[in-house]
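For the working numbering, count along the sequence shown from 1 and bump the result up by 417.
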Amino acid sequence: MNTTISNSTLTASIKHLGAELYSLKDNKKQEYIWEGNPDFWGKHSPVLFPIVGTLKNNTYKINGKEYQLPRHGFARDMEFELIEKAENKAIFSLKSSEETLKKYPFDFELQLIYTLNESSLELEYKVLNKGTEKLPFSIGAHPAIALPDHFEQYAMKFEKEEELKYYLLENDLISSKTKILETINDEIPLNYELFKNDALIFKTLNSKSLTILKDSKPYVKVDYNDFPSLGIWTKENAPFICIEPWLGYSDTDQNSGNLYEKEGILILEENKSFAAKFTITIH
């Protein structure tokens with residue numbers, strides 16, 4: 418099942434599986450979301466919930482009991498229900514079930530709210546704690562922006578000038594090793610060598626938006642004001658770049674395993690809700 422929303426400028430299509438955005442086209446039919454060719458990467462824009470990244474040994478503990486979660490959690494592989502639809506807006510819902518409780522012993526509802534406004538697509542995540550205990554979770558986005566021309570024609574530009582310190586991954590976990598992402602005239606020219614050690618992980622940034630440039634002109638802008646962390650990723654020779662606003666990130670090898678103590682975790686009180694949104698703007 419798929420759902421499409423549109424306005425005078427954009428058309429967005431969303432799969433009910435994972436409530437995943439798989440197409441964003443302008444009124445000239447140009448596609449801005451990666452097609453999902455499995456030879457490179459078979460996803461388009463998955464939601465990362467209830468964890469972002471990888472757990473140490475793919476395992477965590479709650480009240481002394483061990484549970485297992487795959488990288489980036491399970492929501493991206495589950496069927497969502499379409500609960501509201503308008504011409505330019507769609508709301509999808511995933512609720513806890515017997516299946517999720519085996520991996521994640523909490524009662525929750527996760528909503529993904531897609532809204533088109535002029536030349537922007539806004540994606541809001543809403544998490545509702547429907548249980549009787551505190552809900553620990555992380556949530557993140559993983560949109561792959563299609564780059565149809567030569568990769569080196571594109572560059573990235575952060576909103577503010579700052580030291581762009583990123584953390585290196587080792588065995589999918591965050592290491593203590595860091596590097597500085599160098600800029601040239603405030604721009605970061607894209608090349609595959611940047612990603613030879615996997616994603617660039619920024620725990621904190623002063624910038625709250627990032628613009629992808631094509632031949633030095635704005636192409637796509639991602640605003641992530643509600644998200645303190647950011648991942649940037651692609652695969653060798655793949656014609657896309659993932660700009661990933663995150664609340665949370667992978668474990669380090671020092672993690673205790675207690676999910677409530679995980680670095681970057683969010684804790685939601687019972688009967689409370691949490692919301693965060695980001696936007697993709699087409700230029």
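Built from N, CA and C at the ideal position, the CB exists for glycine as well. Computed from a prediction, not measured in an experiment: that's the story for all the values here.
Straight-line Cα distance separating residue j from residue i
i    : j    : result
I556 : Y542 : 8 Å
E610 : E501 : 43 Å
S536 : N444 : 10 Å
I684 : K460 : 28 Å
D566 : I629 : 13 Å
A616 : T651 : 7 Å
V544 : A558 : 14 Å
M418 : L511 : 15 Å
I618 : Y583 : 5 Å
K634 : Y521 : 44 Å
D632 : I422 : 30 Å
Q570 : R493 : 31 Å
Nearest residue (CA-CA) to residue i, options the options
i    : options                   : result
N705 : K460, E653, D589 and S430 : Outside the modelled stretch of the chain, which goes from 418 to 700, sits residue 705, for which no answer is possible.
L647 : L630, Y636, L622 and A655 : L622
I601 : F525, M573, Q671 and S624 : M573
E496 : Y584, T428 and Q528       : Q528
Y641 : I431, L533, F695 and K613 : F695
Y677 : N480, W458 and P463       : N480
D603 : I649, K478, K577 and H489 : K577
7 Å Cβ cutoff met for residue i and residue j
i    : j    : result
Y531 : I699 : no
L564 : L581 : no
L538 : A429 : yes
K432 : Y439 : yes
F575 : L627 : yes
D524 : S513 : yes
Whole-number beta carbon distance between residue j and residue i, since they are thought to touch under 8 Å
i    : j    : result
G470 : S667 : 3 Å
G674 : K473 : 7 Å
E452 : K551 : The pair is not a contact, with the Cβ atoms about 40 Å apart (cut-off 8 Å).
F657 : A561 : 4 Å
P487 : N505 : That pair is no contact at about 34 Å.
L427 : L533 : 5 Å
Any non-hydrogen atom of the ligand MG closer than 6 Å to residue i Cβ
i    : result
T421 : Judged by which ligands are present, the structure shown has none, so any question about the ligand MG falls away.
Exercise for review: Tell me the start and end of each unbroken beta strand (DSSP E) in the stretch 529-604 that is at least 3 residues and wholly inside, in chain order.
Suggested key: 537-546, 552-554, 561-563, 571-575, 582-587 and 590-597
Practice item. Pick out the complete beta strand (DSSP E) segments inside the stretch 457-542, 3 residues or longer, and give them in chain order. Key: 476-479, 482-485, 498-503, 506-512 and 525-534
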